[in-house]
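For reference, the structure is listed below as structure tokens.
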Amino acid sequence: MSRPVLETQGLTIRFGGHAAVDNVSCAFHAGSLTAIVGPNGAGKTTYFNLMSGQLPASSGSVHLDGDDVTRLSTAARAQRGIGRAFQITNLFPNLSVAENVRLAVQSKSRAAANLWSRWDHHAEWISRAEHYLEEVNLQDKRDLAAAALPHGDKRKLEVALMMALEPHVYMFDEPTAGMSVDEVPVVLDLIKRLKAAGDKTILLVEHKMDVVRSLADRIVVLHNGQLVADGDPETVIALPIVQEAYLGSMPAAVGAGEAAS
Amino acid sequence: MIQSALSGDLPRSRILSFLLLAIFVALAFAPFLFSGSQPINTAAKICIFIVLVASYDLLLGYTGIVSFAHTMFFGIGGYGVGLALYGWGPTWTSAGLGLAIALVVGAVLAFVIGLLSLRVRAIFYAMITLAVASAFAILAGQLSEYTGGEDGRSFRVPPLLRPATVLFDVPFLGVRVDGRILSYYLVFFSALLLLLAALRIVNSPFGRVLQAIRENDFRAEALGYNVVYYRTVANCLAAGMAVLAGAMSAIWVRYTGPDTTLSFAIMLDILLMVVIGGMGTLYGAVIGAALFILAQNYLQKLMAIASEATASLPLIPHLLHPDRWLLWLGVLFILSVYFFPSGIVGKLREMERGR
């Protein structure tokens, strides 16, 4: 198999004596969508934070395109192509929707820190931001302050910020959490389109098993901070350890049919 | 052309445009519109404080950095130019050299303070700047051999800027154009250029990132912006602008001392001007500075008149006595924060949108 785009080796973080992520080694390849599942408190978001740099690893390493990025800052990792959409919406509340996306577009440009040119003279940034607004169906709300959006639209904007970064690795942390039923497809279609492009590395933390099954090429199961299962969706879901560790503790997430199989 | 000079950042309110235009005209023609030395002193002080307050707003309003060290940079500018003119003689070379040294010292200090402490939480940063600024003020007061101590230093400015220098034999618009008027226009045009430059900076890609950092530094970092870098550069820019304001002040007052540039009272004045005018908008700095300094200079006169007019009534004339001017300024401040939390500029823009 080709070299992984993103890889963790023995990745661990301890808070006091408790290892929230415990010796997790896992590789993620281009062109595949990996779902990371596990009960609440399993360490999924913490694992994401270690890979995108919001938390420093206690031990182990993170490699991006073969380079060790364990000691790099969040910003440096983002510049190298790690994109992150957060579980708890993280926007620029008093800036307009369009400005939120434009700032994501601007980030990787050489002129991002230019002091003397005018922001509104960078037409290319504005049109690219517009493109991503259309991707998530927010073009009609471009002039509203992000704080004024309803919850579902905030979630879409959250995803648009990561899309506009045009990363190599897309990390979705429960992108549809709290969205109304009719809004979920917008985000799912977006992920499907990303996947169809064929060259993206996509990581997805998700609780809804129907979403996981319809999107994932592979499922990784975390439990108490440890990687307990890794494989193609059907096999992983059928594993006894998963039935016990994950599905057993969250019976509501699974239909009766799967539990029996 | 105006659009371009303002970097596309228009006042976006008719009343605000009118107020800004009125302030601009009053300041631009102050020596010809008003007679006597107090109005022109007030006008020069407004110009200087517009620069100082705008530079502070770059930190507080645009980047979300709470610093109490801004008067230190104002003082560095004042002392740099003042001590150079005092020690090396009243020439343009010594003024320029003093300013250059002050700019370097200011930028290096801002860089070091920023790099060491912009990683910590806002409240700790505020405390660190407070400590550094106090230390600096004490140092300036104690190194009297060099700084003149608490008395400060009076010095002479280059000949061209002295009141005795008369430029034209014939009066212009009924006013004798002397070095004092030339000094005023040096201050005025410096302030105008610096304000336009600041407008340019806040409307640059860099300036937009500063606002993103103010809004959510965590997300700015996740989008690939090195937050410490941006904050440090903002810190240095604001410091440099404050140094220039200090230099303007030294040239105008021909004196530098702890009370005119370094005192904590000035820091409070700056804070009030930013908040009253409206944080996060440079026009707020203009309105805040103009209003505050006018109140500082003319509220007492107004109160003296009111006090005399109500002399026959009990208690009221005492409350309106000119010595009580700070009380009334305080009341005005509380009312303005209560009714215009987003400052005068924020309120005016809101009214315009509401139409």
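Top to bottom, those sequences are chains A and B. Those letters in the first sequence? Residues 1 to 261, per the numbering used here, in order. Those letters in the second sequence? Residues 1001 to 1355, per the numbering used here, in order. Every residue, glycine too, gets a C-beta built ideally from N, C-alpha and C.
- Around Y1225 of chain B, the beta-carbon contacts reaching into chain A at under 7 Å are A75, S107.
- Burial check for V1166 of chain B: the Cβ neighbour count within 10 Å stays below 16, so the residue is exposed.
- One alpha carbon belongs to G1277 of chain B, the other to P1039 of chain B, and they sit about 22 Å apart.
- For R110 of chain A, the closest alpha carbon among the candidates A:Q87, A:Q79, A:D22, A:A129 is that of A:Q79.
- For C1236 of chain B, the closest alpha carbon among the candidates B:Q1003, B:V1051, B:G1114, B:D1009 is that of B:G1114.
- The C-beta of D1323 of chain B has fewer than 16 other C-beta atoms within 10 Å across all chains shown, which makes the residue exposed.
- For the pair F1155 of chain B and Y1062 of chain B, the CB atoms are not nearer than the 7 Å cut-off.
- Boundaries of the alpha helix (DSSP H) around Q106 of chain A: 97 to 106.
- Note on the stretch 62 to 143 of chain A: whole alpha helix (DSSP H) runs with a minimum of 4 residues are 74 to 79, 97 to 106, 123 to 135, in chain order.
- With 16 or more other Cβ atoms from the protein chains shown falling within 10 Å of its own Cβ, N1203 of chain B counts as buried.
- F1189 of chain B and V1175 of chain B have their C-alpha atoms some 19 Å from each other.
- If you look at E1352 of chain B, you'll find it in the alpha helix (DSSP H) that goes 1343 to 1354.
- Beta-bridge pairing by DSSP links A19 of chain A to A:R14.
- Below 8 Å, enough C-beta pairs join the stretch 1041 to 1052 of chain B and the stretch 1289 to 1303 of chain B to call them touching: three or more.
- Taking the CA atoms as reference points, Y1125 of chain B sits about 26 Å from L103 of chain A.
- For a Cβ distance threshold of 8 Å, residue set L1223 of chain B lies close to A104 of chain A, ordered along the chain.
- In the DSSP assignment, D1178 of chain B is bridged to B:V1166.
- Comparing alpha-carbon positions, the option among A:T8, A:P4, A:N23, A:Q9 lying closest to H223 of chain A turns out to be A:N23.
- Interface annotation for the stretch 1183 to 1216 of chain B against chain A: R1200, I1201, N1203, S1204, P1205, F1206, G1207, R1208, V1209, Q1211, A1212, E1215, N1216, criterion Cβ-Cβ distance under 8 Å.
- No Cβ of chain A is located within less than 7 Å of the beta carbon of S1017 of chain B.
- From the listed residues A:V169, A:K192, A:D153, the smallest Cα separation to E183 of chain A is found for A:D153.
- Of the candidates B:V1132, B:Y1184, B:V1274, B:L1315, B:Y1184 places its Cα closest to the Cα of S1037 of chain B.
- Residues of chain B whose Cβ lies closer than 8 Å to the Cβ of D120 of chain A are, in chain order, G1008, N1203.
- Each of B:A1285, B:P1163, B:M1303, B:D1178 was checked against the Cα of D1169 of chain B, and the nearest Cα belongs to B:D1178.
- Under the three-state reduction of DSSP output, F1034 of chain B falls in the coil class, being neither helix nor strand.
- The DSSP-derived three-state label of Y1225 of chain B is coil.
- The beta carbon of Y1225 of chain B sits closer than 8 Å to those of V1209, A1212, I1213, all from its chain and outside the five residues before and after it, given in chain order.
- At a Cβ-Cβ threshold of 7 Å, D1217 of chain B and V1228 of chain B do not count as neighbours.
- When the five nearest sequence neighbours on each side are left out, the beta carbons in the same chain lying within less than 7 Å of the beta carbon of P4 of chain A are those of A27, F28, H29, in order along the chain.
- Beta bridge pairing from DSSP links I202 of chain A with A:L33, A:Y170.
- For T8 of chain A, the beta-bridge partners assigned by DSSP are A:C26, A:V62.
- DSSP, read as helix, strand or coil, puts L50 of chain A in helix.
- In this structure, DSSP gives V1120 of chain B a state outside helix and strand, which the three-state scheme calls coil.
- Looking at the backbone, the Cα of I237 of chain A and that of P39 of chain A are separated by about 14 Å.
- For R1353 of chain B, not one C-beta of chain A is nearer than 7 Å to its own C-beta.
- For R1219 of chain B, the nearest beta carbon of chain A is closer than 7 Å to its own beta carbon.
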